[in-house]
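Enquirer: Here's a structure for you.
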Amino acid sequence: MSIIGDFASDLPGQNDIYKNTTGTLMMHLKRSGIRDVDIIAEQMDALRRKQLREGIYSFDSFSCLGSDASAPIATSLDETPHDCSIWSTNLYLGLNRHPKVVEEVVNAVRRMGTGCGTSAISGGMNVLHRKIETKLQHWLGKESVMLFPTGFTANMGALAALCQENDHVLIDDESHASIRDGIRLSPTRRWISFQHNSVDDLQRKLEISKRECAGKIVVVVESAYSMSGDICPLAEVVALKQRYDFLLYIDEAHSFGIYGEAGRGLCDQEGVTAQVDFIASTFSKATASIGGFIATERRFTSYFQWSANTYAFQACFTPADAAAVLAALEVIETEPGIARELHEKNRYMRSRLQNVGFDLRDSQTPIVPIYISDTGKLLKICFDLYKNGVFSVPVAYPMVAENDGRIRFIVNVRHTREQIDRTVDLLADLAVKHGLFETQPQSVVNE
1 MSIIGDFASD
11 LPGQNDIYKN
21 TTGTLMMHLK
31 RSGIRDVDII
41 AEQMDALRRK
51 QLREGIYSFD
61 SFSCLGSDAS
71 APIATSLDET
81 PHDCSIWSTN
91 LYLGLNRHPK
101 VVEEVVNAVR
111 RMGTGCGTSA
121 ISGGMNVLHR
131 KIETKLQHWL
141 GKESVMLFPT
151 GFTANMGALA
161 ALCQENDHVL
171 IDDESHASIR
181 DGIRLSPTRR
191 WISFQHNSVD
201 DLQRKLEISK
211 RECAGKIVVV
221 VESAYSMSGD
231 ICPLAEVVAL
241 KQRYDFLLYI
251 DEAHSFGIYG
261 EAGRGLCDQE
271 GVTAQVDFIA
281 STFSKATASI
291 GGFIATERRF
301 TSYFQWSANT
311 YAFQACFTPA
321 DAAAVLAALE
331 VIETEPGIAR
341 ELHEKNRYMR
351 SRLQNVGFDL
361 RDSQTPIVPI
371 YISDTGKLLK
381 ICFDLYKNGV
391 FSVPVAYPMV
401 AENDGRIRFI
411 VNVRHTREQI
421 DRTVDLLADL
431 AVKHGLFETQ
441 PQSVVNE
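Take the sequence shown: its position 157, counting from 1, is numbered 157 in full-length UniProt numbering, and each next residue is one higher.
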């Protein structure tokens with residue numbers, strides 16, 4: 001293997017370890033014309049080890065007691081537990097710790113064992129999976145529901161099968177990797193991004209597709225976006241369907257279980273469910289398990305059974321996971337106060353952050369982004385948060401656009417107001433320390 005220099009050492013800002021991220025390195029290698037995977041892997045590993053030694057590589061951190069609003073956190077380099085408030089998980093309703101959910105999971109393992117052993121078309125499904133499908137059909141008012149091993153593979157498999165060679169596929173600029181991967185795997189030769197949450201730009205792209213498309217037009221959006229916490233203008237997107245005659249695919253991963261009547265999602269809340277052709281979601285967030293689903297017409301699920309490889313060639317999620325989903329759905333339906341409490345805490349945290357001077361842009365959901373364009377400052381602030389018992393991870397290129405880094409604080413109903421106050425106060429102090437604010441803002445606690 002030939003190594004062409006130490007690119008990790010040649011990066012801009014090489015003397016400041018905080019300015020060098022994996023994304024920066026990848027971009028530097030690409031611009032230098034390096035395509036040899038041996039070189040790329042060696043350079044990425046060298047940077048990772050260097051950041052681990054400095055204690056600023058947070059992407060292999062792990063909880064010693066499982067996911068919760070707080071837990072001891074350790075890393076592969078230093079496995080000494082470090083007590084932290086945790087702001088990086090999507091367990092919005094905290095149902096992974098709900099007594100009913102835990103009890104049903106334990107009972108399911110005792111009755112049905114651990115794994116399923118094969119895919120759905122080979123007999124891997126059990127009665128719990130069927131109950132989930134039936135419940136979601138009624139919940140969402142769709143003719144058919146199809147379960148996948150994960151939410152990621154639901155999007156990837158369904159979109160890879162749905163989008164055909166002559167189709168035009170239009171996706172939001174902030175679309176999740178599972179959506180992008182599914183479209184890349186499909187036969188389609190034309191997929192187009194439109195400006196994030198811009199109905200005007202979507203309409204401009206639809207005008208072009210209406211003239212040029214020889215197949216179907218497929219529009220893919222997310223009801224709530226994971227990197228920004230923004231909510232899609234669903235009613236406006238749906239209003240374009242009559243004029244442009246497209247199939248509409250909506251991923252409700254970050255809204256299913258916490259919005260709409262009894263957690264039915266933002267499509268339900270906006271009254272557009274009947275006009276949406278495909279509703280997808282995951283069970284790994286509000287319902288605190290694993291797995292995913294597509295809700296649509298029966299003809300499409302019949303087609304996906306044999307055309308979506310992630311359905312046909314992946315083992316089903318386990319009986320324990322299925323039991324957790326069913327129990328979580330029941331809790332969501334019968335204990336609406338949990339979701340109300342989540343939204344109250346989301347409002348409180350947002351109010352406190354805005355009062356001390358943070359710009360949250362257009363975000364609304366329990367995903368609360370603090371934008372820090374300077375990568376060096378982003379990593380330093382994350383490091384200082386961790387040292388002071390607050391854990392989240394930096395989000396930088398290539399997960400988001402260059403110079404649009406952020407730290408996400410994902411509100412969980414199990415977070416206390418004391419944790420919120422301490423986190424906001426610490427962020428305000430660090431914003432001054434690292435030059436995001438010129439002076440210490442007035443901290444306001446008034447709710």
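Here a beta-carbon is modelled for each residue, glycine too, at the ideal position from N, C-alpha and C.
Could you tell me the distance, in whole angstroms, from the CA atom of residue 288 to the CA atom of residue 212?
Expert: Counting from one through the sequence shown, the residue named residue 288 turns up at place 288. Counting from one through the sequence shown, the residue named residue 212 turns up at place 212. Going from the Cα of residue 288 to the Cα of residue 212 covers about 43 Å.
Enquirer: Since I believe residue 72 is in contact with residue 315 (beta carbons under 8 Å), could you give me their beta-carbon distance rounded to a whole number of angstroms?
Expert: On the sequence shown, residue 315 is found 315 positions in, with the first residue counted as 1. On the sequence shown, residue 72 is found 72 positions in, with the first residue counted as 1. At roughly 32 Å, the Cβ-Cβ gap does not stay under 8 Å, so residue 315 and residue 72 are not in contact.
Enquirer: Pop quiz: residue 120 and residue 412 are said to be a contact at Cβ under 8 Å. What is the actual Cβ separation, rounded to whole angstroms?
Expert: In the sequence shown, residue 120 corresponds to position 120, counting from 1. In the sequence shown, residue 412 corresponds to position 412, counting from 1. So it is not a contact: roughly 31 Å between Cβ atoms.
Enquirer: Count the C-beta pairs between the stretch 361-380 and the stretch 230-242 that are closer than 8 Å, then say yes if the count reaches three, no if not.
Expert: Short answer: they touch.
Enquirer: Taking residue 301 as part of the alpha helix (DSSP H), name the residues at either end of that continuous run.
Expert: Along the sequence shown, read from residue 1 onward, the residue named residue 301 stands at position 301. Residues 298-307.
Enquirer: Taking the Cβ atom as the reference point for each residue, do residue 194 and residue 210 lie within a distance shorter than 8 Å?
Expert: Along the sequence shown, read from residue 1 onward, the residue named residue 194 stands at position 194. Along the sequence shown, read from residue 1 onward, the residue named residue 210 stands at position 210. No, the Cβ-Cβ distance between residue 194 and residue 210 is not below 8 Å.
Enquirer: Assuming residue 292 and residue 321 form a contact by the criterion Cβ under 8 Å, report the distance between their Cβ atoms to the nearest whole angstrom.
Expert: Here the question's residue 292 lines up with position 292 in the sequence shown. Here the question's residue 321 lines up with position 321 in the sequence shown. Their Cβ separation, rounded to whole angstroms, is 11 Å, which puts residue 292 and residue 321 out of contact at 8 Å.
Enquirer: Would you mind stating whether residue 407 and residue 392 have Cβ atoms separated by less than 8 Å?
Expert: Position 407 of the sequence shown holds residue 407. Position 392 of the sequence shown holds residue 392. Their beta carbons are under 8 Å apart, which means residue 407 touches residue 392 by this criterion.
Enquirer: Could you have a look at residue 370 and say whether DSSP puts it in helix, strand or coil?
Expert: As a working note, residue 370 is residue 370 in the sequence shown. Correct three-state label for residue 370: strand.
Enquirer: Which residues bound the alpha helix (DSSP H) around residue 421?
Expert: If you number the sequence shown from 1, residue 421 lands on position 421. Counting along the chain, the alpha helix (DSSP H) containing residue 421 begins and ends at 417-433.
Enquirer: To the nearest angstrom, how far is the alpha carbon of residue 145 from that of residue 283?
Expert: For the purposes of this step, residue 145 is taken as residue 145 along the sequence shown, with counting starting at 1. For the purposes of this step, residue 283 is taken as residue 283 along the sequence shown, with counting starting at 1. C-alpha separation (whole angstroms): 13 Å.
Enquirer: Count the other C-beta atoms from every protein chain shown that fall within 10 angstroms of the C-beta of residue 83, then say buried if there are 16 or more, exposed otherwise.
Expert: Translated into positions along the sequence shown, residue 83 becomes position 83. So residue 83 counts as exposed.
Enquirer: Compare the Cα-Cα distances from residue 108 to each of 217, 335, 318 and report the closest residue.
Expert: Taking the first residue of the sequence shown as position 1, residue 108 is located at position 108. Comparing Cα-Cα distances from residue 108 to each of 217, 335, 318, the minimum goes to 318.
Enquirer: Hey, could you find the ends of the alpha helix (DSSP H) residue 132 is sitting in?
Expert: The count along the sequence shown starts at 1 and reaches residue 132 at position 132. Residues 127-140.
Enquirer: Should the stretch 128-140 be regarded as contacting the stretch 322-340, the criterion being three or more beta carbon pairs within less than 8 Å?
Expert: Verdict: yes, contact present.
Enquirer: Thinking C-beta only, is residue 286 closer than 8 Å to residue 257?
Expert: The sequence position of residue 257 within the sequence shown is 257, counting from 1. The sequence position of residue 286 within the sequence shown is 286, counting from 1. Cβ distance < 8 Å, so residue 257 and residue 286 count as in contact.
Enquirer: Just to check my reading of the structure: residue 218 and residue 169 have Cβ atoms closer than 8 Å, yes? What is that Cβ distance to the nearest angstrom?
Expert: Counting from one through the sequence shown, the residue named residue 218 turns up at place 218. Counting from one through the sequence shown, the residue named residue 169 turns up at place 169. Sure, about 5 Å apart at Cβ, within 8 Å.
Enquirer: For residue 360, name the three-state secondary structure that DSSP assigns.
Expert: Working through the sequence shown from its first residue, we reach residue 360 at position 360. In the structure shown, residue 360 sits in coil (DSSP, three-state: anything other than H, G, I, E or B).
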